[in-house]
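Residue numbers (the working numbering), protein chains in the order written: chain Y, 20 to 273; chain R, 20 to 273; chain V, 20 to 273; chain S, 20 to 273.
Glycine is no exception: its CB is placed at the ideal position from the N, C-alpha and C atoms.
No experiment lies behind these values; they were computed from the predicted model shown.
Structure, as structure tokens:
Number of protein chains: 4
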Amino acid sequence: MKKVLIAGATGSMGKQAIRLVEKRADCQLVAVLAPTATANTELEKTVQRFDHLSAVETDADIWIDFTTPQAVFANTKFALEHHMRPIVGTSGLTADQIKNLQRLASEKNLGGIIAPNFGLSAVLLMKFAQAAARYFPEAEIVELHHADKVDAPSATAIATAKMIAAGRHKAEQKSARDAPRARGANYDGIAVHAVRLPGYVAHEQVLFGGPGEALTIRQDSFERSSFMQGVKVALDQVMNLTELVVGLENILTI
Amino acid sequence: MKKVLIAGATGSMGKQAIRLVEKRADCQLVAVLAPTATANTELEKTVQRFDHLSAVETDADIWIDFTTPQAVFANTKFALEHHMRPIVGTSGLTADQIKNLQRLASEKNLGGIIAPNFGLSAVLLMKFAQAAARYFPEAEIVELHHADKVDAPSATAIATAKMIAAGRHKAEQKSARDAPRARGANYDGIAVHAVRLPGYVAHEQVLFGGPGEALTIRQDSFERSSFMQGVKVALDQVMNLTELVVGLENILTI
Amino acid sequence: MKKVLIAGATGSMGKQAIRLVEKRADCQLVAVLAPTATANTELEKTVQRFDHLSAVETDADIWIDFTTPQAVFANTKFALEHHMRPIVGTSGLTADQIKNLQRLASEKNLGGIIAPNFGLSAVLLMKFAQAAARYFPEAEIVELHHADKVDAPSATAIATAKMIAAGRHKAEQKSARDAPRARGANYDGIAVHAVRLPGYVAHEQVLFGGPGEALTIRQDSFERSSFMQGVKVALDQVMNLTELVVGLENILTI
Amino acid sequence: MKKVLIAGATGSMGKQAIRLVEKRADCQLVAVLAPTATANTELEKTVQRFDHLSAVETDADIWIDFTTPQAVFANTKFALEHHMRPIVGTSGLTADQIKNLQRLASEKNLGGIIAPNFGLSAVLLMKFAQAAARYFPEAEIVELHHADKVDAPSATAIATAKMIAAGRHKAEQKSARDAPRARGANYDGIAVHAVRLPGYVAHEQVLFGGPGEALTIRQDSFERSSFMQGVKVALDQVMNLTELVVGLENILTI
């Protein structure tokens, strides 16, 4: 039985993580950390509640973190120091902080995972796109988001472009310097197009073309609840990880 | 029985037009014009063959033109002057030439049609997009073509953007001056994205978004043979047209 | 200024209708009917609250109904008898009841609208599909819904098939008696396929094919909030309607 | 330099294979076998021509076969017996014949490949679908083909369903006995839908759904020329294969 502590337990993701852990036969929720000490009255009596990191005292094996960019580094450090394996869905860790945490995990002989995106469909899309690029070096990305998203293209689309570029045997650099604007942005030789429309949530499409045929991979995130599927995979594997992995794609087997 | 002359009878489109006319019960192919006097040996004996415009002598009712930008104006003028109703799929007529031909058609009391795009799916997409814009003012266009197409976006996509803009009650001008390149080109306030990949032929997608829902219209042109469906519609209606119409969309009823 | 009463004001749709009416400059919310007298404390003081139909006394011009199959007939009858124009989004009216209400509306010289589906994208899809069928008689429907939907195909898909069949000039009846199951259900000669998968919400696709080309119309309903766009259109037009119309498609202009 | 013989050199696929081999720097076309001794006058003088299997005498390393179901077994046997590595795109080999050929290849210490489908996009789709099924056990297949295809669903769709079923950890058998026809055919617990429309060529879509998200993989075969990309991959690897592999998917690395 894996004992789990959830940090950020009163947020939307934290609440879903609680439900996820409580449903699993192989896990036991033993504690929550929530900065505001709002009592989750529906929690089992056996679950401890802490409202400050400094107050945490627990024998949990796993630390699930859905907190804030401000809190995540101290939290993850604390987890490792107290022999808990972190599953971190909070964004905001810098490259230096991650290196720091990975070193600590190695010293403590602990594995764990830091994943900015726990969406299974998005991560599988990236892995498949990288694999396809070996056979289909010509690719373009169309990502579609709600009209309020301010940045374009999305970070996920840029990451996908990088993975496709890495998957191609040789760089098929299409010069795009003077390309008309309709041809979109160019990341590592891959055209990236961003659609922003009301109604849409978060969707990404990778289009591959070769002589006489096409291959398209698409993912749709309709709700953030989808992230819990990725957390599930992390829970399945975290006790067997031998290092602090960055990116859900690195623990998925395809 | 409508008597038909086909100009450009040895080209790819001309040949398909011959097959189309020969299959119809309400039409009779009476003559062809083909600059090179290559005898189409498979043509019925009753079909006259001319190799110069000056040689044409015929009692045809309809002149179908799939020739060249150089020939099309003289051809269409000749058709009208000799009381034939033109169905013109040849591109290259200037705005002035079109006006000139329309005046002539009006004098002669003849209808006809000039259509740069005889693809039914493309024309219906444009009409539907214009109609949808009244209820979904937010729209974007993604067009996809083979990698060899040099211009971007396609002329059809630009025409579609114009029709959508006209369909919106008020201009919903999204300023795109400083938009990142991934947001594509901006035509009349509509973002237009162009994908260029091997394998693709000619495809266009219009995406509409509104609160909690989306509407998408897509057309795929897999082969140029699809143009014959539009010629069919033109043949159905040309005897009833009272002017020289420009654009297949203007004789389609939706 | 149109005065509006909302029946079913405490339901999810009713609450959204309240927000919609309050945002419009040309409408004033004057009363709500909600069977349980739960006070909507956030409502303006000028809004009357009734908890029984028998208690309603109002000078409203428009009756918006998002109640229950049990209540909707009596409600709509009451509205017409008291000179209110109904906008009914509640399902469950029988054909007889509708006829009855239409006769009453005609006597009272009132227009209104009964719409089982206020989703603009779904209704536009149906209208476009019907229009396209004139030029593309070959069509199939693929509808996609969440895994919990028990019926297949959806009522909307069946309605769409009927509209496509009506749009075709002549019946292109494909015999499907012995067709393999993979070819789906057959409604009026149109193959209808139903996908049921978790994650999906409510989506419908109509695919048309002709020689060398294809046309596809797709709609996605991500949230029920999308229905409010249809209510908006109804509010725009209800004062000008001269009969009790059934179906949003009959007041949309394409 | 790999020496190549092409059997079925006058067929459409054979002609494309000739062009493919002639373009490669690492291959040399040394002979062709074509039952009708139609001289391919455009072939290099160094290329031998045979019109009967019994006449073939060559030092080729590789035997590419695009012939007929009647000829393929004898051809492949001959190739192996004369120390050539077969790349077979001809269909029609029975399971027994394949076993027979694999035994012979093993005796002769030769590798090769027999692939009923050399389309890269179709094969990648199958591999990705199998990989995705581990994380998304709920899947459905929609395949789309031209109206003249008589069987439904396609063999490729059935093969894909089998691969998805194999990719799921445990059988998620949805009972479909009494499912309405719109729910399609059921292969190994996966609903398979077949669309048949003019204009379409050969397309397949696998749809995966999970809580709050969806993943879709689609492939489009616009022309049979696309098969040459798979032959290319086979040519790259055939000299290193240690057995007679069946299925392009088994030599693709993802």
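Residues bridged to residue i [DSSP beta-bridge criterion]
i        : result
R:GLY228 : R:ALA233
S:ASP239 : Y:ALA233 and S:HIS222
S:ASN205 : S:ALA210
R:VAL107 : R:ASP84 and R:ILE133
S:ALA215 : One point to set straight first is that residue 215 of chain S is Arg, not Ala, in the sequence displayed. Per DSSP, S:HIS164.
V:ALA50  : V:LEU24 and V:GLN67
V:LEU143 : DSSP lists no partner for V:LEU143.
V:VAL265 : V:ILE133
R:ALA174 : Note: R:ALA174 sits in no beta bridge, so no partner.
Y:GLU159 : Y:ALA210 and Y:LEU226
C-beta neighbour in chain V for residue i, strict 8 Å
i        : result
R:GLN89  : no
R:ILE183 : no
S:VAL264 : no
S:GLY131 : no
S:ARG200 : yes
S:GLY108 : no
is_contact[residue i, chain Y] using C-beta, thresh 8 Å
i        : result
S:PHE137 : no
R:TYR219 : yes
S:GLN67  : no
R:ARG43  : no
S:PRO156 : no
S:ILE37  : no
R:ALA171 : yes
R:ALA26  : no
Contact with chain S by residue i, beta-carbon distance below 8 Å
i        : result
R:PHE241 : yes
V:VAL161 : yes
V:GLU232 : yes
Y:SER140 : yes
Integer-rounded CB distance, given that residue j should sit under 8 Å from residue i
i        : j        : result
R:ALA201 : Y:GLY203 : 5 Å
Y:LEU24  : Y:ALA50  : 4 Å
S:ALA148 : S:ILE236 : 6 Å
Y:LEU216 : R:GLY208 : 13 Å between Cβ atoms; not a contact.
R:PHE85  : R:GLY27  : 4 Å
R:GLY108 : V:GLU232 : The pair is not a contact, with the Cβ atoms about 15 Å apart (cut-off 8 Å).
S:PHE92  : S:LEU112 : 6 Å
Y:VAL265 : Y:ILE106 : Y:VAL265 to Y:ILE106, Cβ: 12 Å. No contact.
Exposed unless 16 or more other CB atoms sit within 10 angstroms - verdict on residue i
i        : result
V:ALA223 : According to the sequence displayed, residue 223 of chain V carries Glu and not Ala. Burial call: buried.
R:ASN274 : Residue 274 of chain R falls outside the range modelled here, since chain R spans only 20 to 273, and no answer is possible.
Y:HIS212 : buried
Y:ASP239 : buried
Y:PRO88  : exposed
S:THR261 : exposed
S:ARG122 : exposed
R:ASN136 : buried
S:ASP80  : buried
Y:GLU159 : buried
S:VAL169 : exposed
Y:GLU268 : buried
Short CB-CB distance (under 8 Å) between residue i and chain R
i        : result
Y:HIS212 : yes
Y:GLY186 : no
V:GLN238 : yes
Y:LEU226 : yes
Y:ALA148 : no
V:VAL252 : yes
V:GLN256 : no
*Does the segment 137–147 of chain V come within contact of the segment 28–37 of chain S, defined as at least 3 CB pairs closer than 8 Å?*
no
*Just checking, does the segment 241–259 of chain S make contact with the segment 38–49 of chain S on the three C-beta pairs under 8 Å criterion?*
yes
_the segment 172–190 of chain V in contact with the segment 167–182 of chain R per 3-pair CB rule at 8 Å_ = As far as the Cβ criterion goes, the segment 172–190 of chain V does not touch the segment 167–182 of chain R, which means the pair count is below three.
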